Each structure stands twice: as structure tokens, then as C-alpha cells.
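Quick note on numbering: the sequence shown equals residues 43 to 262 in my numbering.
Using N, Cα and C, we set each Cβ at its ideal position, and we do this for glycine too.
Here the structure is a predicted model, which means the values were calculated and not measured.
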Amino acid sequence: MFDFIKTQVIGVTTPTVDFIPTAEDLPAFCARVSNPDNQKNFDTAAGLLKYCMRVGHWSVFDMSNIVIEIEAPRDIARQVLRHSSIKFQEFSQRYAVAQNFVIREARLQDTKNRQNSIDTENNYLQEAWKLKQEQVLNLVRENYQWALDSGIAKECARVILPEGNTMSYMYANGTVRQWITYLKVRDDLGVTQKEHVDLARKIKPAIIAHFPFLEELMEK
Numbered sequence: 043m044f045d046f047i048k049t050q051v052i053g054v055t056t057p058t059v060d061f062i063p064t065a066e067d068l069p070a071f072c073a074r075v076s077n078p079d080n081q082k083n084f085d086t087a088a089g090l091l092k093y094c095m096r097v098g099h100w101s102v103f104d105m106s107n108i109v110i111e112i113e114a115p116r117d118i119a120r121q122v123l124r125h126s127s128i129k130f131q132e133f134s135q136r137y138a139v140a141q142n143f144v145i146r147e148a149r150l151q152d153t154k155n156r157q158n159s160i161d162t163e164n165n166y167l168q169e170a171w172k173l174k175q176e177q178v179l180n181l182v183r184e185n186y187q188w189a190l191d192s193g194i195a196k197e198c199a200r201v202i203l204p205e206g207n208t209m210s211y212m213y214a215n216g217t218v219r220q221w222i223t224y225l226k227v228r229d230d231l232g233v234t235q236k237e238h239v240d241l242a243r244k245i246k247p248a249i250i251a252h253f254p255f256l257e258e259l260m261e262k
């Protein structure tokens, strides 16, 4: 019911010369700029990139970009936008009508860690919270549509839309280095909000599909 966050890689820096086989091989090729005799040794590319990551030779990972499509509630999208090194293009409620809304789960406040929330098996609480949100959304949909039908500008009508129940779409463009940093920061349940952790954990395999060397390292 609450699995509404979606993501996919829609673009990766791709070599335009025939002798660089894959997207993963491009940063390895660039890493060997000072060793031209061995620059086309792609058999050890993954090992080289793992080494660069372990010892902190981060500039290598600035040589490739990844563009990711993200679908998430606006409150989570706001958290993603805080990663200012990554560049974003987001769905605008000024120009288009918001149509997709979601119901969110109830979790309990962690009294020992204000950054954390705790899953609850209280079905009554979940159903009651669902009902409260549905009541809000029914009223919002009615009044939002009334505003649009009355000729009120979308940029004005949107002010009544609830951030946490309104879905947003964005494209996020970052270097491999920036995405590694993002995943290290956001795949941290108990520090990062649960929904954002879910997003990070969906982004991770999408990136690893294009940069397999990351799989082993990102598990640590």
C-alpha cells in the first residue's frame, strides 16, 4: 500500500569512441591519464575504480554523470533537493495540474532519537490515520478543482495541496561521485526518514546496473 516511490536511471555518460566498451570503463580510462601505455586496459577497470574509491581518489568519479527519474511525495522530494551538488528538473505545479495523491503510513515517534520513527503494528491507528488523510484529500481535491474551474491560477490553487500526500516527479543529474555521496548519506535508517531511505535503496541497484564495481563497496 505504501510502496509509491519509484526511480529509474534514464541517462548515463556513454563513451563515444569505440575503444572504451562501457560506461563503467570511461572513468577508469580517465583515471589512467598519466599512464597512457595502460590506459586501454579495461580488464582491470573495475579493480582500479574500487581502489580509487577506497583511497579517496574522488576526482575520477566526476568524469561520468547519471540522470535519474524520481517519483516521490513532495516532502521527500524537498529532502532530495537539499543535495545541491546534484542538479534537478522538477514537475511544476505552476504549469501543470497536480493529479496524483497518496496515503502515507503511521509510525510512532522514537522518544530517544528525534530523527527516527518506529513502525507500529497497531492496525486501528493505521486505519484511523488513513481515514484522516482521506478526509483531507477529499476536501483538497474538491477545493483545488473548484479553484481551477473558477479560473484561479495554478500557482495560486496549489497552495492548498498537502506536501506529504502530493506526488512529485523530477530528473536528477549528478556525477558518479555525487551519487555515491548521496547513497552513503541517505541509506541510513534511523538518521534519514524511512521513505527517503526507501528511495536511496531503489536508486542504488539502478546505479549498480551501470557501474557494477560499486556493488561490493556499497555493501560496506
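query	result
With 16 other Cβ atoms within 10 Å as the buried cut-off, status of E205	exposed
Nearest residue (CA-CA) to Q168, options V182, I145, W188 and Y186	I145
Counterpart residues of F143 in DSSP-defined beta bridges	T208
Buried versus exposed, by CB contacts within 10 Å (16 or more), H99	exposed
C-beta contact flag for L256 and I249 at 8 Å	yes
Three-way DSSP call (helix, strand, coil) for E111 in this model	strand
Exposed unless 16 or more other CB atoms sit within 10 angstroms - verdict on D60	exposed
Span separating the alpha-carbon of S285 from that of Q50	Not covered by the structure: residue 285. The range shown for the chain is 43 to 262.
Alpha-carbon spacing of Q175 relative to D240, whole angstroms	21 Å
Neighbour-count burial assignment, R200, 16 or more Cβ in a 10 Å radius	buried
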